[in-house]
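Report on the structure given below.
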Amino acid sequence: MKKVISTSNAPAAIGPYSQAIQVGNMLFMSGQLGINPSTGAFAEGGVTEQTIQSFKNMNAILTEAGYTMNDVVKTTVFLADMNDFAAMNTVYASQFEGAFPARSAVAVKTLPKNGLVEIEVIAVKE
519 MKKVISTSNA PAAIGPYSQA IQVGNMLFMS GQLGINPSTG AFAEGGVTEQ TIQSFKNMNA
579 ILTEAGYTMN DVVKTTVFLA DMNDFAAMNT VYASQFEGAF PARSAVAVKT LPKNGLVEIE
639 VIAVKE
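Taking this note's numbering, the leading residue of the sequence shown gets 519, the next gets one more, and so forth.
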């Protein structure tokens, strides 16, 4: 059975989708942009600040569902410009302890609302 996960501590969905869906012990999170849920605007600065905000949003959704970053097994990172990979990667590396999750990172033509980075995750509770 699917359970919709939603929190006001992360940006509301900007389309017909859920912030996350839990099925059994698995959580499938929609991509999180670097949008501050309080203001509805992107974090000020560049890809570093947007990546930090994206992780804050992910943590809010994980917390709402009863998960932590340690439960994340797979991430997909979407970048508007692959030249921003190093800056994103520095923030990314600081968000995990122990074993890093599997990851894909791709550059796309355009992200929603012209964001610089979007990250989605799959988490599993043991």
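Heads up, the beta-carbon is just placed ideally off N, CA and C, and yes, glycines get one too.
From a predicted model like this one, the values you see are computed outputs, not experimental measurements.
- Task: Please classify S548: is it buried, with 16 or more other beta-carbons within 10 angstroms of its beta-carbon, or exposed?
- Result: buried
- Item | 8 Å contact criterion, which F560 and V609 should meet: CB distance rounded | Contact flag wrong, Cβ pair sits at about 15 Å.
- Message: Using a 10 Å radius around the Cβ and a threshold of 16 neighbouring Cβ atoms, would you call A617 buried or exposed?
- Response: exposed
- Item | Boundaries of the alpha helix (DSSP H) in which S572 is found, first to last residue | 565-583 is the span of the alpha helix (DSSP H), which, as asked, contains S572.
- Query: What are the boundary residues of the alpha helix (DSSP H) that includes V626?
  - Reply: Element bounds for V626: n/a, residue is neither H nor E.
- Backbone CA spacing between M519 and T557 [nearest angstrom]: 34 Å
- Query: Is it true that the CB of N575 sits closer than 8 Å to the CB of E615?
  - Reply: no
- Item | Counted within 10 angstroms of its Cβ, other Cβ atoms place P529 as buried (16 or more) or exposed | That one is buried.
- If you draw a straight line from the C-alpha of F546 to the C-alpha of L634, how long is it? 22 Å
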